[in-house]
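First the structure, in the form of C-alpha coordinates, and then the observations on it.
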Amino acid sequence: MVPVLLLHGSGPGTTGAAWKPLVEALDERFEVVAPDLPGFGNAPAAPIEEWADRLAPDNPCVIIGNSAGGAIALKLAARGLATKVVAVGSMGFPMPLPPALEQLWSTGPTEAEARSLLRLIFHDPPGEEAVAARLEAMRAQPHYLDLFPAPRQRWVDALSLTPGELAGIDVPVLLIHGANDQIVPPATSLVPLLHTLPDVRAHLFGRCGHASPQEHTAEFNRLVLSFLEP
1 MVPVLLLHGS GPGTTGAAWK PLVEALDERF EVVAPDLPGF GNAPAAPIEE WADRLAPDNP
61 CVIIGNSAGG AIALKLAARG LATKVVAVGS MGFPMPLPPA LEQLWSTGPT EAEARSLLRL
121 IFHDPPGEEA VAARLEAMRA QPHYLDLFPA PRQRWVDALS LTPGELAGID VPVLLIHGAN
181 DQIVPPATSL VPLLHTLPDV RAHLFGRCGH ASPQEHTAEF NRLVLSFLEP
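The opening residue of the sequence shown carries number 1 in full-length UniProt numbering; numbering runs sequentially from there.
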(Lines of atoms letter the chains of each structure in order from A; the text may use other names.)
(Lines give C-alpha, C1' and ligand atoms only; values in the text may rest on other atoms or scores of the structure.)
Protein backbone atom coordinates (compact mmCIF):
# COMPACT_ATOMS: atom_id res chain seq x y z
CA MET A 1 0.00 0.00 0.00
CA VAL A 2 1.07 3.58 -0.64
CA PRO A 3 2.51 5.19 2.53
CA VAL A 4 0.94 8.45 3.73
CA LEU A 5 2.34 10.69 6.47
CA LEU A 6 -0.17 13.01 8.20
CA LEU A 7 1.16 16.05 10.08
CA HIS A 8 -1.20 17.98 12.35
CA GLY A 9 -1.10 21.68 13.21
CA SER A 10 0.25 23.62 16.18
CA GLY A 11 -2.89 24.58 18.11
CA PRO A 12 -3.19 23.82 21.84
CA GLY A 13 -4.52 20.34 22.55
CA THR A 14 -3.90 19.08 19.03
CA THR A 15 -2.38 15.64 18.35
CA GLY A 16 -2.16 13.17 15.49
CA ALA A 17 -5.61 11.94 16.52
CA ALA A 18 -7.07 15.06 14.89
CA TRP A 19 -6.72 13.20 11.58
CA LYS A 20 -9.06 10.35 12.61
CA PRO A 21 -11.78 10.98 9.94
CA LEU A 22 -9.18 11.12 7.15
CA VAL A 23 -7.33 8.09 8.51
CA GLU A 24 -10.59 6.13 8.34
CA ALA A 25 -11.17 7.31 4.76
CA LEU A 26 -7.65 6.34 3.66
CA ASP A 27 -7.20 3.18 5.70
CA GLU A 28 -8.25 0.57 3.14
CA ARG A 29 -5.96 1.75 0.35
CA PHE A 30 -3.07 3.48 2.08
CA GLU A 31 -0.57 2.80 4.84
CA VAL A 32 -1.22 5.80 7.09
CA VAL A 33 0.94 7.19 9.89
CA ALA A 34 -0.19 10.20 11.95
CA PRO A 35 2.49 11.02 14.53
CA ASP A 36 2.30 13.68 17.22
CA LEU A 37 4.46 16.69 16.41
CA PRO A 38 7.33 17.40 18.85
CA GLY A 39 5.91 18.75 22.11
CA PHE A 40 2.39 17.49 21.36
CA GLY A 41 0.67 14.38 22.68
CA ASN A 42 3.29 11.84 23.70
CA ALA A 43 6.13 13.27 21.59
CA PRO A 44 9.06 14.91 23.38
CA ALA A 45 9.55 18.59 22.63
CA ALA A 46 12.21 19.78 20.19
CA PRO A 47 13.19 23.16 18.75
CA ILE A 48 10.88 24.07 15.89
CA GLU A 49 13.89 24.22 13.57
CA GLU A 50 14.32 20.46 14.14
CA TRP A 51 10.73 19.43 13.46
CA ALA A 52 11.32 18.51 9.83
CA ASP A 53 14.28 16.31 10.83
CA ARG A 54 12.26 14.58 13.55
CA LEU A 55 9.30 13.90 11.24
CA ALA A 56 11.17 13.01 8.05
CA PRO A 57 10.12 9.67 6.52
CA ASP A 58 12.74 7.06 5.70
CA ASN A 59 11.61 7.03 2.07
CA PRO A 60 9.63 9.47 -0.09
CA CYS A 61 5.89 9.22 0.52
CA VAL A 62 2.65 11.18 0.30
CA ILE A 63 2.67 13.90 2.97
CA ILE A 64 -0.48 15.68 4.14
CA GLY A 65 -0.02 18.56 6.55
CA ASN A 66 -2.31 21.01 8.30
CA SER A 67 -1.19 24.57 9.14
CA ALA A 68 2.31 24.26 10.65
CA GLY A 69 2.22 20.62 9.53
CA GLY A 70 1.66 21.85 5.98
CA ALA A 71 4.81 23.93 6.23
CA ILE A 72 6.74 20.87 7.41
CA ALA A 73 5.27 18.88 4.51
CA LEU A 74 6.56 21.50 2.08
CA LYS A 75 9.98 21.51 3.76
CA LEU A 76 10.19 17.73 3.41
CA ALA A 77 9.09 17.98 -0.23
CA ALA A 78 11.87 20.49 -0.85
CA ARG A 79 14.29 17.80 0.41
CA GLY A 80 12.92 15.24 -2.04
CA LEU A 81 11.04 13.27 0.62
CA ALA A 82 7.51 13.62 -0.78
CA THR A 83 5.81 12.04 -3.79
CA LYS A 84 2.72 14.26 -3.41
CA VAL A 85 1.77 16.95 -0.90
CA VAL A 86 -1.58 18.11 0.44
CA ALA A 87 -1.09 21.37 2.36
CA VAL A 88 -4.16 22.40 4.37
CA GLY A 89 -4.55 25.94 5.70
CA SER A 90 -0.82 25.86 5.30
CA MET A 91 1.97 28.05 6.49
CA GLY A 92 5.22 27.89 4.57
CA PHE A 93 5.35 31.13 2.59
CA PRO A 94 7.09 34.04 4.39
CA MET A 95 4.46 36.26 6.01
CA PRO A 96 3.92 38.60 8.96
CA LEU A 97 2.59 36.93 12.12
CA PRO A 98 -1.22 37.03 11.85
CA PRO A 99 -2.89 38.39 15.03
CA ALA A 100 -5.09 35.28 15.27
CA LEU A 101 -2.03 33.01 15.15
CA GLU A 102 -0.42 35.11 17.90
CA GLN A 103 -3.58 34.53 19.94
CA LEU A 104 -3.62 30.79 19.20
CA TRP A 105 0.01 30.32 20.26
CA SER A 106 -0.63 32.21 23.52
CA THR A 107 -3.82 30.34 24.51
CA GLY A 108 -3.86 28.90 28.03
CA PRO A 109 -5.88 25.92 29.34
CA THR A 110 -8.97 27.69 30.68
CA GLU A 111 -12.60 27.24 29.67
CA ALA A 112 -12.87 30.83 28.45
CA GLU A 113 -9.76 30.48 26.31
CA ALA A 114 -10.88 27.11 24.92
CA ARG A 115 -14.17 28.69 23.85
CA SER A 116 -12.35 31.67 22.33
CA LEU A 117 -9.96 29.33 20.52
CA LEU A 118 -12.79 27.43 18.83
CA ARG A 119 -14.37 30.72 17.73
CA LEU A 120 -11.02 31.59 16.20
CA ILE A 121 -10.56 28.26 14.41
CA PHE A 122 -14.06 27.53 13.11
CA HIS A 123 -16.29 29.66 10.90
CA ASP A 124 -19.31 28.21 12.73
CA PRO A 125 -18.04 27.42 16.25
CA PRO A 126 -19.07 24.03 17.67
CA GLY A 127 -21.07 23.70 20.89
CA GLU A 128 -20.28 23.16 24.55
CA GLU A 129 -19.38 19.50 24.12
CA ALA A 130 -16.57 20.51 21.76
CA VAL A 131 -15.43 23.22 24.20
CA ALA A 132 -15.22 20.65 27.01
CA ALA A 133 -13.31 18.18 24.82
CA ARG A 134 -10.85 20.84 23.68
CA LEU A 135 -10.32 22.04 27.26
CA GLU A 136 -9.56 18.49 28.39
CA ALA A 137 -7.04 18.11 25.55
CA MET A 138 -5.44 21.46 26.40
CA ARG A 139 -5.10 20.50 30.08
CA ALA A 140 -3.35 17.30 28.98
CA GLN A 141 -0.65 19.49 27.42
CA PRO A 142 0.43 21.71 30.35
CA HIS A 143 3.65 22.91 28.71
CA TYR A 144 2.05 24.20 25.50
CA LEU A 145 2.84 27.85 26.26
CA ASP A 146 6.54 26.95 26.42
CA LEU A 147 6.54 25.87 22.76
CA PHE A 148 6.01 29.28 21.14
CA PRO A 149 7.29 32.00 23.50
CA ALA A 150 7.20 35.63 22.40
CA PRO A 151 8.31 37.23 20.16
CA ARG A 152 6.43 34.82 17.91
CA GLN A 153 7.31 36.12 14.44
CA ARG A 154 10.45 33.98 14.68
CA TRP A 155 8.34 30.80 14.73
CA VAL A 156 6.54 31.85 11.55
CA ASP A 157 9.95 32.51 10.01
CA ALA A 158 11.24 29.10 11.14
CA LEU A 159 8.29 27.42 9.41
CA SER A 160 8.76 29.35 6.16
CA LEU A 161 10.60 28.38 2.99
CA THR A 162 12.18 30.85 0.62
CA PRO A 163 10.40 31.47 -2.70
CA GLY A 164 13.32 29.72 -4.37
CA GLU A 165 12.91 26.63 -2.20
CA LEU A 166 9.19 26.54 -2.92
CA ALA A 167 9.78 26.95 -6.66
CA GLY A 168 12.10 23.94 -6.53
CA ILE A 169 9.42 21.55 -5.24
CA ASP A 170 8.82 19.33 -8.27
CA VAL A 171 6.01 17.08 -7.01
CA PRO A 172 2.24 17.67 -7.28
CA VAL A 173 0.84 19.84 -4.49
CA LEU A 174 -2.81 20.29 -3.54
CA LEU A 175 -3.60 23.37 -1.45
CA ILE A 176 -6.84 23.31 0.57
CA HIS A 177 -7.89 26.40 2.49
CA GLY A 178 -10.85 28.02 4.21
CA ALA A 179 -11.92 31.36 2.76
CA ASN A 180 -12.55 32.69 6.28
CA ASP A 181 -9.30 31.43 7.81
CA GLN A 182 -8.06 34.04 10.31
CA ILE A 183 -5.13 32.04 11.65
CA VAL A 184 -3.39 31.56 8.30
CA PRO A 185 -5.18 34.01 5.99
CA PRO A 186 -5.37 32.80 2.38
CA ALA A 187 -4.21 36.17 1.05
CA THR A 188 -0.80 35.77 2.69
CA SER A 189 -0.43 32.00 2.33
CA LEU A 190 -2.62 30.25 -0.25
CA VAL A 191 -2.30 32.97 -2.88
CA PRO A 192 1.52 33.33 -2.84
CA LEU A 193 1.95 29.54 -2.62
CA LEU A 194 -0.32 29.19 -5.65
CA HIS A 195 1.84 31.65 -7.57
CA THR A 196 5.16 30.07 -6.50
CA LEU A 197 4.81 26.27 -6.50
CA PRO A 198 5.39 24.83 -10.00
CA ASP A 199 2.92 21.90 -9.93
CA VAL A 200 0.00 23.14 -7.86
CA ARG A 201 -3.77 23.15 -7.70
CA ALA A 202 -6.03 24.63 -5.01
CA HIS A 203 -9.47 24.30 -3.46
CA LEU A 204 -10.97 27.12 -1.39
CA PHE A 205 -13.89 26.25 0.91
CA GLY A 206 -16.43 29.02 1.46
CA ARG A 207 -17.83 29.53 4.98
CA CYS A 208 -14.79 27.78 6.38
CA GLY A 209 -12.18 28.78 8.92
CA HIS A 210 -8.89 27.09 9.80
CA ALA A 211 -10.29 23.56 10.16
CA SER A 212 -11.49 22.37 6.76
CA PRO A 213 -10.92 18.67 7.62
CA GLN A 214 -13.48 19.08 10.42
CA GLU A 215 -15.71 21.79 8.92
CA HIS A 216 -16.21 20.08 5.53
CA THR A 217 -15.17 16.52 6.35
CA ALA A 218 -16.87 14.56 3.57
CA GLU A 219 -15.86 16.89 0.74
CA PHE A 220 -12.37 17.31 2.19
CA ASN A 221 -11.85 13.55 2.25
CA ARG A 222 -13.14 13.23 -1.34
CA LEU A 223 -10.72 15.92 -2.52
CA VAL A 224 -7.78 14.19 -0.90
CA LEU A 225 -8.72 10.73 -2.18
CA SER A 226 -9.18 12.05 -5.71
CA PHE A 227 -5.78 13.76 -5.62
CA LEU A 228 -4.05 10.64 -4.33
CA GLU A 229 -5.47 8.35 -7.00
CA PRO A 230 -2.71 7.29 -9.45
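Built from N, CA and C at the ideal position, the CB exists for glycine as well.
Beta-carbon contacts of residue i that lie in its chain and below 8 angstroms, excluding the five residues immediately before and after
{"i": "PRO149", "result": "none"}
{"i": "GLU219", "result": "PHE205"}
{"i": "HIS216", "result": "PHE205, CYS208"}
{"i": "MET91", "result": "SER67, ALA68, GLY70, ALA71, VAL156, LEU159, SER160, VAL184, SER189"}
{"i": "ALA45", "result": "PRO38, GLY39, HIS143, ASP146, LEU147"}
{"i": "PRO126", "result": "LEU118"}
7 angstroms Cβ shell around residue i - same chain, five flanking residues per side excluded
{"i": "LEU104", "result": "GLY11, LEU117, LEU120, ILE183"}
{"i": "ASP36", "result": "THR15, GLY16, ASN42, ALA43"}
{"i": "PRO107", "result": "The sequence as given places Thr at residue 107; Pro does not occur at that position. Hits under 7 angstroms: PRO12, GLU113, LEU117."}
{"i": "PRO192", "result": "PHE93"}
{"i": "PRO163", "result": "THR196"}
CB contact flag (residue i, residue j, <7 angstroms)
{"i": "LEU26", "j": "VAL33", "result": "no"}
{"i": "GLY65", "j": "ALA73", "result": "yes"}
{"i": "PHE122", "j": "SER189", "result": "no"}
{"i": "LEU175", "j": "ALA87", "result": "yes"}
{"i": "residue 278", "j": "GLU28", "result": "Outside the displayed range of the chain (1 to 230) lies residue 278, so it cannot be described from this structure."}
{"i": "PHE30", "j": "MET1", "result": "yes"}
{"i": "VAL62", "j": "VAL23", "result": "no"}
Proximity winner among the options, relative to residue i (alpha-carbon distances)
{"i": "LEU101", "options": "THR15, PRO21, VAL62, PRO185", "result": "PRO185"}
{"i": "ALA202", "options": "GLU136, PRO172, PHE30", "result": "PRO172"}
{"i": "ALA179", "options": "CYS208, VAL85, MET1", "result": "CYS208"}
{"i": "VAL85", "options": "GLN141, LEU197, HIS216", "result": "LEU197"}
{"i": "SER67", "options": "HIS177, GLU111, PRO192, GLU129", "result": "HIS177"}
{"i": "ARG139", "options": "ALA130, PRO109, LEU55", "result": "PRO109"}
{"i": "ASP199", "options": "ARG79, GLY168, ARG115", "result": "GLY168"}
Nonlocal neighbours in the same chain, by C-beta distance under 6 angstroms from residue i, ignoring five residues either side
{"i": "LEU97", "result": "ARG152, GLN153, VAL156"}
{"i": "LEU6", "result": "TRP19, ALA34, ILE64"}
{"i": "GLY69", "result": "LEU7, HIS8, GLY9"}
{"i": "LEU223", "result": "HIS203"}
{"i": "ASP124", "result": "none"}
Rounded Cβ spacing between residue i and residue j (contact assumed at less than 8 angstroms)
{"i": "GLY89", "j": "SER212", "result": "6 angstroms"}
{"i": "PRO47", "j": "LEU81", "result": "About 20 angstroms; that fails the 8 angstroms criterion."}
{"i": "GLU111", "j": "LEU135", "result": "6 angstroms"}
{"i": "HIS210", "j": "ASP181", "result": "5 angstroms"}
Exercise. Hey, which unbroken runs of the alpha helix (DSSP H) at 4 residues or more fall wholly within the stretch 130-206?
Worked result: 153-158, 163-167, 190-196
Exercise. What are the uninterrupted segments assigned as alpha helix (DSSP H) that are 4 or more residues long and contained completely in the stretch 22-60, given in chain order?
Worked result: 51-55
Exercise. Taking the runs of the alpha helix (DSSP H) that are 4 residues or longer, which of them lie wholly in the stretch 64-120?
Worked result: 68-78, 99-105
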